Amino acid sequence: MNYRYKMFYLIFLPFFFQIICGSAAAQTTLKDAFKNDYLIGTALSTQQVLSKDPKAMKCLEENFNSISPENLLKWDAVNPLPGKFNFAPADSYVALGEKYHMFIIGHCLVWHSQVPRWVFQDSTGKPVTREVLLTRMKDHIFAVVGRYKGRINGWDVVNEAIEDNGQLRKTKWLNIIGNDYIEKAFEYAHEADPNAELYYNDYNQWMPGKRAAVVKLINDLKSKGIKITGIGIQGHWGLDYPPMASIDSSMKAYTDAGCKIMITELDMDILPNPFNNTSADVSKRFELTKKSNPYATGLPDSVETKEANRYAEFFKLFLKYKGSLTRVTFWGMSDAQSWRNNWPIWGRSAYPLLFDNNYQPKPAYFSVIKTAEENK
Ligand code: GLA
Numbered sequence: 012m013n014y015r016y017k018m019f020y021l022i023f024l025p026f027f028f029q030i031i032c033g034s035a036a037a038q039t040t041l042k043d044a045f046k047n048d049y050l051i052g053t054a055l056s057t058q059q060v061l062s063k064d065p066k067a068m069k070c071l072e073e074n075f076n077s078i079s080p081e082n083l084l085k086w087d088a089v090n091p092l093p094g095k096f097n098f099a100p101a102d103s104y105v106a107l108g109e110k111y112h113m114f115i116i117g118h119c120l121v122w123h124s125q126v127p128r129w130v131f132q133d134s135t136g137k138p139v140t141r142e143v144l145l146t147r148m149k150d151h152i153f154a155v156v157g158r159y160k161g162r163i164n165g166w167d168v169v170n171e172a173i174e175d176n177g178q179l180r181k182t183k184w185l186n187i188i189g190n191d192y193i194e195k196a197f198e199y200a201h202e203a204d205p206n207a208e209l210y211y212n213d214y215n216q217w218m219p220g221k222r223a224a225v226v227k228l229i230n231d232l233k234s235k236g237i238k239i240t241g242i243g244i245q246g247h248w249g250l251d252y253p254p255m256a257s258i259d260s261s262m263k264a265y266t267d268a269g270c271k272i273m274i275t276e277l278d279m280d281i282l283p284n285p286f287n288n289t290s291a292d293v294s295k296r297f298e299l300t301k302k303s304n305p306y307a308t309g310l311p312d313s314v315e316t317k318e319a320n321r322y323a324e325f326f327k328l329f330l331k332y333k334g335s336l337t338r339v340t341f342w343g344m345s346d347a348q349s350w351r352n353n354w355p356i357w358g359r360s361a362y363p364l365l366f367d368n369n370y371q372p373k374p375a376y377f378s379v380i381k382t383a384e385e386n387k
């Protein structure tokens with residue numbers, strides 16, 4: 012081999028090799044990085060489902076193997092008036108999930124929010140009786156779960172029924188039906204689709220009071236022979252809350268109680284918090300000020316790095332539970348779509364997800380993939 016060729020092999024070949032391997036690594040997508048661990052899901056907005064924006068669809072197909080509906084299966088969207096159902100968006104949502112062979116989630120059947128008033132009232136505006144409300148709950152669950160039987164794989168049957176201190180939230184469901192409304196919802200859902208996975212889903216599950224109440228709920232349902240498959244831990248978390256050890260304790264407690272677990276609504280709060288509260292209580296709202304929207308023109312590198320590191324910490328913890336943790340679902344795909352831009356203050360720039368406003372991967376995306384690779 013003459014000298015020129017030798018130099019080529021010695022100097023340039025390793026260089027080309029690095030480029031090729033490097034770009035292969037960069038092409039690893041979220042769902043591929045975790046393919047032996049758990050599903051990676053995203054919530055889709057109604058607009059994303061109906062418009063099928065090519066950028067969103069590309070990002071979806073490449074990175075996710077599970078979907079959740081942000082709003083289109085909530086009671087007010089799917090069953091706005093007595094006996095009237097608006098199934099068109101949900102039909103498109105399920106068809107989309109099937110097209111890409113995804114694990115399809117239904118969210119949510121019984122919740123205190125986004126339920127029309129008529130559900131709890133008679134024609135004169137007075138509260139209905141326990142029997143009437145149970146019948147309405149059953150009819151709704153049979154209509155919605157029944158329509159997608161065998162196609163929607165798992166349902167958030169009851170959402171946010173427990174306060175942070177572990178007491179049952181004082182909702183109309185509780186006031187009118189009584190404590191057993193949760194078990195009734197699970198029974199009806201199971202009757203409507205015996206093969207669907209059934210979940211209890213809530214925020215602030217890292218708090219000890221709520222953790223204990225959720226464990227009690229699991230035990231109560233199981234002791235009565237009522238099916239509950241898993242606990243959805245909403246991950247509406249921030250740069251400095253909650254403590255990792257508290258999430259860990261809840262993941263362990265639910266696993267020990269015999270339930271699968273899933274992180275269901277993951278996103279990162281990096282903006283100043285106008286109230287000393289870590290909940291996702293959508294009824295709380297505050298005024299927009301300059302101070303409350305510090306990154307209106309772009310996210311500084313230093314904050315982007317903090318976000319990336321925090322996401323890596325979360326995913327490191329999640330890997331500890333692979334086997335019992337079956338899914339990690341982000342609450343949205345791109346920063347532009349997130350509810351956090353408008354809650355608890357309208358019109359902020361919140362940057363809570365792994366893809367930017369243009370569906371391009373952020374540093375947090377790469378740090379999550381790196382976490383998967385380092386822990387193989
Ligand atoms: C809760 C609900 C979700 C959604 C978020 C905020 O976590 O479970 O459906 O409304 O709040 O977007």
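Those letters in the sequence shown? Residues 12 to 387, by my numbering.
Glycine is no exception: its CB is placed at the ideal position from the N, C-alpha and C atoms.
In this text the structure is predicted, and so the values were computed from the model without any measurement.
The beta strand (DSSP E) that contains residue i, what's its start and end?
i, result
"W166", "G165 to N170"
"N212", "E208 to D213"
"G249", "H247 to G249"
Just to confirm the assignment, what range does the alpha helix (DSSP H) spanning residue i have?
i, result
"M255", "M255 to D267"
"I188", "K183 to I188"
"Y192", "Y192 to A203"
"G220", "P219 to S234"
"N74", "P65 to N74"
"D175", "First-last for D175: undefined, no H or E at that position."
"Q58", "T57 to S62"
"A307", "Element bounds for A307: n/a, residue is neither H nor E."
"D43", "L41 to A44"
What residues match up with residue i in a beta bridge as DSSP calls it?
i, result
"V339", "I51 and I274"
"L10", "Residue 10 falls outside the range modelled here, since the chain spans only 12 to 387, and no answer is possible."
"I239", "In the DSSP output, where bridge partners are listed per residue, I239 has none listed."
"F297", "I356"
"S77", "G52 and F114"
"N244", "One point to set straight first is that residue 244 is Ile, not Asn, in the sequence displayed. DSSP, once it has assigned bridges, lists D213 and I274 as partnering I244."
"L282", "For L282, which the question treats as bridged, DSSP gives no partner whatsoever."
"L92", "K95"
"L179", "I173"
Can you name, in chain order, every residue of its own chain whose Cβ lies under 8 Å from the Cβ of residue i, other than the five neighbours on each side?
i, result
"A154", "N90 and F96"
"K302", "P283"
"R180", "H123, E171, A172, I173 and E174"
"E208", "N164, G165, W166, T240, G241 and K271"
"K69", "Y370"
"N386", "K327 and L330"
"A196", "L120, V121, M148, I152, V168 and V169"
"P25", "Reliability of the predicted coordinates at P25 is poor, the pLDDT of 42 falling under 50, and no value is obtained from them."
Between residue i and the rest of its own chain, which residues show a CB-CB distance below 7 Å, the 5 nearest in sequence each way excluded?
i, result
"A375", "E318, A319, Y322 and L365"
"P127", "W86, D87 and P91"
"V293", "S124 and W354"
"E324", "M255"
"P93", "W129"
"S378", "A319, N320, Y322 and A323"
Got a sec: does the ligand FAD put a non-hydrogen atom nearer than 8 Å to the Cβ of residue i?
i, result
"S124", "This structure simply doesn't include the ligand FAD; it includes the ligand GLA instead."
Which same chain residues, not among the five before or five after residue i, have their C-beta less than 6 Å away from its C-beta?
i, result
"F297", "P285, P355 and I356"
"C119", "D167 and N170"
"D346", "Y362, L364, D367 and N368"
"K11", "Because the chain in this structure spans residues 12 to 387, residue 11 falls outside the shown range and cannot be described."
"I380", "T39 and A44"
"A144", "This sequence places Leu at residue 144; Ala is not what is there. Around L144: I187 and I188."
"G108", "I78 and I115"
"S257", "W217"
"I152", "L120, Y199, A200 and A203"
"D280", "G249"
Point to revise | Runs of beta strand (DSSP E) lying entirely within the segment 94–171, each at least 3 residues, in chain order | key: 114–121 and 165–170
Exercise for review: May I have a chain-ordered list of the beta strand (DSSP E) segments no shorter than 3 residues that lie completely inside the segment 332–379?
Suggested key: 336–341
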